[in-house]
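Residues in the sequence shown are numbered consecutively from 25, following this note's numbering.
Reviewing the structure listed below.
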Amino acid sequence: DMAHYRIEPLDWEVLQDLEFILEAPSLPQHTMSGEQSPLLSSVLPAFETFITQWQTMAASPAHPQLCPFIQEGLSWANHYHEHMHANKTYLLAMCMS
Numbered sequence: 025d026m027a028h029y030r031i032e033p034l035d036w037e038v039l040q041d042l043e044f045i046l047e048a049p050s051l052p053q054h055t056m057s058g059e060q061s062p063l064l065s066s067v068l069p070a071f072e073t074f075i076t077q078w079q080t081m082a083a084s085p086a087h088p089q090l091c092p093f094i095q096e097g098l099s100w101a102n103h104y105h106e107h108m109h110a111n112k113t114y115l116l117a118m119c120m121s
């Protein structure tokens, strides 16, 4: 019987919320992975765009239930962003392109 596998309306809402949150980081990732040989210089701008999108989502009153999850993700994203800025390779690649 498949009835116990039925997704309830609240479950659909949760899935839609997850899709909304994950759309921002997926776009730069798909752009870079779709290129034959992605340039290192495109990584930092793409990552910064994704962070800006999440910051906008977190500040938006449209989805207050998502704010804690986005803030947690932003915490990690900002951590990695700081490491990118501290790494001279990224800075050199930005200047070379």
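Where is the CB? At the ideal position from N, CA and C, for every residue including glycine.
Under the three-state DSSP convention, the category residue i falls into
i	result
glutamate 32	coil
serine 84	coil
methionine 108	helix
aspartate 25	coil
Residue i, buried or exposed, once every other Cβ within 10 Å from all chains shown has been counted against 16
i	result
alanine 48	buried
tryptophan 78	buried
methionine 81	buried
alanine 86	exposed
alanine 101	buried
Integer-rounded CB distance, given that residue j should sit under 8 Å from residue i
i	j	result
aspartate 41	glutamine 89	7 Å
threonine 73	proline 52	6 Å
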